[in-house]
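Protein chains in written order, with numbering that gives the first Met the number 0: chain A, 0 to 327; chain L, 0 to 327; chain G, 0 to 301. Just so you know, even glycine gets a beta-carbon here, dropped at the ideal spot from N, CA and C. Below is one structure, written out as structure tokens, with a few remarks after it.
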Amino acid sequence: MSSTSTTDVVGSAPSGDPVGRSLTTPRPRYGERVVLGLLWLCAGVSVVTTIGIILVVFVEAFALFGIPGVSVVEFFTDTAWRPFTGPESEQFRLGVLPLLNSTLLITAIALGIAVPLGLATAIYLSEFARPRVRRTVKPFLELLAGVPTVVLGYFALTFMTPVLRSVFGADVVPIFNAASAGIVVGILIVPTIASISEDAMSAVPRALREGAYGLGAARQQVALKIVFPAALSGIVAAIILGFGRAVGETLIVSLAAGNLPPPDVPTADPFQQVQTMTAYIVQAVGGESSRGSVTYQSIFAVGALLFVLTFLVNRIALRIVRRFREEY
Amino acid sequence: MNRRTLKSAALPMALALCLALASCGGDEDPASNGNGEPGAGEETLSGAIEIDGSSTVGPLTDAINEEYSAIQPDVTVTLGISGTGGGFERFCETGDTDISNASRPIEDDEAALCEENGIEYTEIRVGTDALTMVVNPATDYVTCLTTEELITLWGPDGAASTWDEVNPDFPSDPVEIFAPGTDSGTYDFFNETILEPSEIESPRQDYNASEDDNVISQGIQGTPGAWGFFGFAYFQESAEGALTAVEYDAGEGCVGPSVESAQDGSYGLTRPLFIYVKNEALSRPEVADYATFYVENVGAVIESVGYIAATEDEISEASTALEEAIGG
Amino acid sequence: MAVSTPARPREQGTRGFRAPVGDTVREKFTQVVLLLGTLVAIAVLAILLIDIALDGVGGLSLDFLTNYTSRFPERTGIREGITGTLSLMVLVALMTFPLGVGAALYLEEFAPRNRWTRLLETNINNLAGVPSIVYGLLGLSVFVFFLGFGRSLITGALTLTALVLPVVIVASREALRAVPREIRDGGLALGATPLQVAARQTLPAAIPSIMTGMILSLSRAIGETAPILVAGAAFSRRADNEPWNLTEGYTAIPIQIFDFVKRPQQEFQVEVASAAIIVLMVLLLIMNSAAIVIRNRYSRNR
Numbered sequence: 000m001s002s003t004s005t006t007d008v009v010g011s012a013p014s015g016d017p018v019g020r021s022l023t024t025p026r027p028r029y030g031e032r033v034v035l036g037l038l039w040l041c042a043g044v045s046v047v048t049t050i051g052i053i054l055v056v057f058v059e060a061f062a063l064f065g066i067p068g069v070s071v072v073e074f075f076t077d078t079a080w081r082p083f084t085g086p087e088s089e090q091f092r093l094g095v096l097p098l099l100n101s102t103l104l105i106t107a108i109a110l111g112i113a114v115p116l117g118l119a120t121a122i123y124l125s126e127f128a129r130p131r132v133r134r135t136v137k138p139f140l141e142l143l144a145g146v147p148t149v150v151l152g153y154f155a156l157t158f159m160t161p162v163l164r165s166v167f168g169a170d171v172v173p174i175f176n177a178a179s180a181g182i183v184v185g186i187l188i189v190p191t192i193a194s195i196s197e198d199a200m201s202a203v204p205r206a207l208r209e210g211a212y213g214l215g216a217a218r219q220q221v222a223l224k225i226v227f228p229a230a231l232s233g234i235v236a237a238i239i240l241g242f243g244r245a246v247g248e249t250l251i252v253s254l255a256a257g258n259l260p261p262p263d264v265p266t267a268d269p270f271q272q273v274q275t276m277t278a279y280i281v282q283a284v285g286g287e288s289s290r291g292s293v294t295y296q297s298i299f300a301v302g303a304l305l306f307v308l309t310f311l312v313n314r315i316a317l318r319i320v321r322r323f324r325e326e327y
Numbered sequence: 000m001n002r003r004t005l006k007s008a009a010l011p012m013a014l015a016l017c018l019a020l021a022s023c024g025g026d027e028d029p030a031s032n033g034n035g036e037p038g039a040g041e042e043t044l045s046g047a048i049e050i051d052g053s054s055t056v057g058p059l060t061d062a063i064n065e066e067y068s069a070i071q072p073d074v075t076v077t078l079g080i081s082g083t084g085g086g087f088e089r090f091c092e093t094g095d096t097d098i099s100n101a102s103r104p105i106e107d108d109e110a111a112l113c114e115e116n117g118i119e120y121t122e123i124r125v126g127t128d129a130l131t132m133v134v135n136p137a138t139d140y141v142t143c144l145t146t147e148e149l150i151t152l153w154g155p156d157g158a159a160s161t162w163d164e165v166n167p168d169f170p171s172d173p174v175e176i177f178a179p180g181t182d183s184g185t186y187d188f189f190n191e192t193i194l195e196p197s198e199i200e201s202p203r204q205d206y207n208a209s210e211d212d213n214v215i216s217q218g219i220q221g222t223p224g225a226w227g228f229f230g231f232a233y234f235q236e237s238a239e240g241a242l243t244a245v246e247y248d249a250g251e252g253c254v255g256p257s258v259e260s261a262q263d264g265s266y267g268l269t270r271p272l273f274i275y276v277k278n279e280a281l282s283r284p285e286v287a288d289y290a291t292f293y294v295e296n297v298g299a300v301i302e303s304v305g306y307i308a309a310t311e312d313e314i315s316e317a318s319t320a321l322e323e324a325i326g327g
Numbered sequence: 000m001a002v003s004t005p006a007r008p009r010e011q012g013t014r015g016f017r018a019p020v021g022d023t024v025r026e027k028f029t030q031v032v033l034l035l036g037t038l039v040a041i042a043v044l045a046i047l048l049i050d051i052a053l054d055g056v057g058g059l060s061l062d063f064l065t066n067y068t069s070r071f072p073e074r075t076g077i078r079e080g081i082t083g084t085l086s087l088m089v090l091v092a093l094m095t096f097p098l099g100v101g102a103a104l105y106l107e108e109f110a111p112r113n114r115w116t117r118l119l120e121t122n123i124n125n126l127a128g129v130p131s132i133v134y135g136l137l138g139l140s141v142f143v144f145f146l147g148f149g150r151s152l153i154t155g156a157l158t159l160t161a162l163v164l165p166v167v168i169v170a171s172r173e174a175l176r177a178v179p180r181e182i183r184d185g186g187l188a189l190g191a192t193p194l195q196v197a198a199r200q201t202l203p204a205a206i207p208s209i210m211t212g213m214i215l216s217l218s219r220a221i222g223e224t225a226p227i228l229v230a231g232a233a234f235s236r237r238a239d240n241e242p243w244n245l246t247e248g249y250t251a252i253p254i255q256i257f258d259f260v261k262r263p264q265q266e267f268q269v270e271v272a273s274a275a276i277i278v279l280m281v282l283l284l285i286m287n288s289a290a291i292v293i294r295n296r297y298s299r300n301r
């Protein structure tokens, strides 16, 4: 007989916790200990991975600042990024702001495209479309999320850029520009935002909708004023996921946005060449830098910054999601 | 139980698929177009050869691999393109490659590293690349550039922004430069040839950089007033009239890139292509056979890759060096 | 990648729910606007896919799947890419499944509710959002250099496992969380230990959703270029006898696509690359369909 007490079973757990948590018996059977130990180990591996990433990236990043000629203050405040010539050269500048600016500019353009389109799709599929339409379109969207980014990169360069050049003029829009890459990154993350938002909206119980319809509301009122706010936490989560994906996007930007950090920082001009943090990492890794050199270490410094950026955004997102989460 | 069967079936199925694909490949049609000859001896060899290095020489080695695997299918050849420097790092420091591709001769510090780790090697010249400068066809006044003009255009202090700064006879159209990134061997080579003799370490940093020569080609094609450089193959493969090659005057008159001018040395921007073979690896029959095959067949294969064949003298020199290394 | 929707009790679900159709102007207007938004998104992606399909379908043939890469576009195949991608898929699945499900099970059912657990949970959630290229850096620094595995297949597999693991854990936890309380309570009330309940009731009930999450994560891992590019995927590999070897180099379909678009010849950039993309997309399609079939079939059974 197990030695759980009834109070443990009925005991109040914060919502979302399965009851199992408060039921860990003080003395599990011996064989069970082994299994539990194994499970604990599995969780431990994820700890190791977390620590591993943080350790590695930050250790190698800090190694950058150990190299003479490189200063931490400059890294964060200087507005030019010219890492390849080595600290002895006059032209050497190691300020990460241009890269950061580029990443944020592209992400802003991408979200500007993806959030309206994604949410429109999600609301339509969740509230207006017939179930059969929904069943067909959703998997299609999920499939499209799997298009290799190298394909989209070439799409941006060979299709989007000429379109932009003919619309805005070839003298306004250079061959490599942030707008093409940003728009295509936006298209890339539309399925993510749409799919997860749609999931969140479907999770809103029918009772809420039925109540509203019973009171005589029209479909768009229900959709926009009842379901949308109720699913807000999931929608915000979706947008944050999209943000993360846009920030981390590598191939599209390195093919279409160019490899030249913008000269005047801060900037919001979409029609200029930019180099995002991820594009720089790819450029530097594929090149001829040897370990220990400024270039090699700077790869990790930029990677560390990328990690911190997504980490912070995730924390903020979690806080927002918690505040808006509705419990049913 | 369904879920168990599904779970246990999925992985073996994937594994089976893997093996099936592997086994149904023994009879691929001989890729050779009749020029490849079997290497020394007709016995079937087996083993593994690991090659890494320059991404310029990579396609050439891959072409040789294609022919070689038709006659010696049991030899596994793996080819990486970490760059000339990265290749030497693997070759000399960790010693895990048998052959290193290089688009420049080994540098002193790399040779010292090899010596430190007891790695002896044989340098084999396998071909030549003619680095081609190109301009947009609308920039038709640029037909030939001297070294001084190039320094004005490409060097840090000149950094011409309009063409008349390069040569007063040219109109004052704005200059746009598309060139390989600062971290590539091509870039290094160009600078060493053009800038180093005048003691200039590195060029201007404000140009459109890309690791992908197709992107450079696209950029120049779409921008009047654009100039750039890349390997001969990319110029040859571009459409008629899309790009104009620029002749180079190293002091003895303008010479354009071509097979003849590269081989007789009149064109100043020729880049040697090498493979470096680890002598210790040559004691394995498959490596010796492969290397011999390489030298014997590279001349037949190289033009289809887009480079220029080494001269007969260079090839026979290489043969002799190789034979000695194998014998000794 | 979408988070799989756990099944809801029928009264709360929206499947089959037909809203009353009003026809006020505003309603219609909103509907049209939203529909347009949906269509734009789908249309752009559909155009892209059709373009690729048209360019590439001519290059598809059995030879394309069984030939190695060649300098001649008409003879090129993606054999080493296919074996590489499949090998990676199998290895990653083998490593991720026990680790991911084990960790999820532990966190969801057994972990004490204290600061360390919460820290762990936050970290795993954060890891799921880290850009994939950072995992490539991890692979380069740890697996290639520090552990000395070099640029080998096992390095690639480990890098992709690290990439996919947090997502699998999150998805598995969602799946476990969706198992109704009654199942656990019933088991416990009958005298089973928590481990027995977890192993024999909760986990089997959650397996379909877990499988779905895993397959979707795997399909994302397969399409990734950046992490394995950074962690040292090779350019080509001709190996009839031994298509995959844990300690030697490897390549993958996305890497080959990347290579094809960088070649000077037009045919490689357009036809060959498109054909390779079609193969990759078909593979993804098969995997996603399998995930959906599992999701649908097993949700209905319950």
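Interface annotation, P97 of chain A: not in contact with chain L, CB-CB separation never under 8 Å.
When DSSP assignments are scanned along the region 191 to 242 of chain L, the uninterrupted stretches of beta strand (DSSP E) that are 3 or more residues long and fall wholly within it turn out to be 207 to 209, 225 to 229. At least 8 Å separates the beta-carbon of T185 of chain L from that of G218 of chain L. Taking the beta carbon of N207 of chain L as reference, the chain A residues within 7 Å of it are F175, G257, L259, Q272, listed in sequence order. For G55 of chain G against S273 of chain G, the beta-carbon gap comes to about 3 Å, under 8 Å, which counts as contact.
Three or more beta-carbon pairs separated by less than 8 Å link the region 140 to 160 of chain A to the region 240 to 252 of chain A, which places the two stretches in contact.
Short of 7 Å from the beta carbon of N66 of chain G, and not among the five residues preceding or following it, lie these beta carbons of its own chain, in chain order: R74, T75, G76, R78. The alpha carbon of V56 of chain L has as its nearest neighbour, out of L:A320, L:D312, L:V297, the alpha carbon of L:V297.
In this structure, I192 of chain A lies near G241 of chain A, with their beta-carbon atoms less than 8 Å apart. Interface flag for V178 of chain G against chain L is unset, since no Cβ pair is found closer than 8 Å. In the assembly as shown, K137 of chain A is a buried residue. Its beta-carbon has 16 or more other beta-carbons within 10 Å. For the region 66 to 87 of chain L, the beta-carbon criterion of a distance under 9 Å to any beta-carbon of chain G is satisfied by Y67, S68, P72, D73, V74, T75, V76, T77, L78, G79, I80, S81. Neighbourhood of A232 of chain L in chain G, by CB distance below 9 Å: R262, P263, Q264, in chain order.
Shown here, F273 of chain L sits in a strand according to DSSP, grouped into three states. With a cut-off of 8 Å on Cβ pairs, the region 258 to 271 of chain L is not in contact with the region 237 to 244 of chain L, counting fewer than three such pairs.
Counting along the chain, no beta strand (DSSP E) covers M88 of chain G; the unbroken alpha helix (DSSP H) around it starts and ends at 78 to 104.
If you check the CB distance, L152 of chain G and S86 of chain G come in under 8 Å.
Shown here for A180 of chain A: same chain residues with a beta carbon closer than 7 Å to its own, the five before and five after excluded, namely I105, A155, I251, V252, A255, A256 in chain order. Against chain G, the beta carbon of V304 of chain L has neighbours under 9 Å at R70, listed in chain order. Remark: fewer than three beta-carbon pairs, one from each stretch, lie closer than 8 Å, so the region 248 to 257 of chain L and the region 161 to 179 of chain L are not flagged as touching.
Where E175 of chain L is concerned, the enclosing beta strand (DSSP E) starts and stops at 175 to 179.
V76 of chain L is bridged by DSSP to L:I48, G:R237.
Those residues of the region 225 to 248 of chain G placed with their C-beta closer than 9 Å to a C-beta in chain L are G231, A232, A233, F234, S235, R236, R237, A238, D239, N240, E241, P242, W243, N244, E247, G248, ordered along the chain.
For the 8 Å CB-CB criterion, T95 of chain G and L38 of chain G do not form a contact. Counting only the Cα atoms, L207 of chain A lies some 55 Å from W243 of chain G. Between the region 208 to 220 of chain G and the region 167 to 186 of chain G there are three or more inter-stretch CB-CB distances shorter than 8 Å, so the stretches are counted as touching. Between Y306 of chain L and D128 of chain L, the C-beta spacing is below 8 Å. Beta-bridge annotation (DSSP): W80 of chain A is paired with A:L93. A check of alpha carbon separations from E197 of chain A across A:N258, A:V33, A:L116 identifies A:L116 as the nearest. Taken in chain order, the unbroken stretches of beta strand (DSSP E) that lie wholly in the region 246 to 317 of chain L and span 3 residues or more are 269 to 277. For T23 of chain G, the neighbours in chain A by C-beta distance under 8 Å run, in chain order, A217. By the C-beta density criterion, R150 of chain G is buried, having at least 16 other C-beta atoms within 10 angstroms. Judged by DSSP secondary structure, V56 of chain L falls outside any beta strand (DSSP E); it is assigned neither H nor E.
For the alpha helix (DSSP H) assignment, the uninterrupted runs of no fewer than 4 residues enclosed by the region 90 to 165 of chain L are, from N- to C-terminal side, 107 to 115, 146 to 153, 162 to 165.
Taking a C-beta distance under 8 Å as the contact criterion, V273 of chain A and I66 of chain A do not qualify as a contact pair. Here Q265 of chain G is exposed, its C-beta having fewer than 16 other C-beta atoms within 10 Å.
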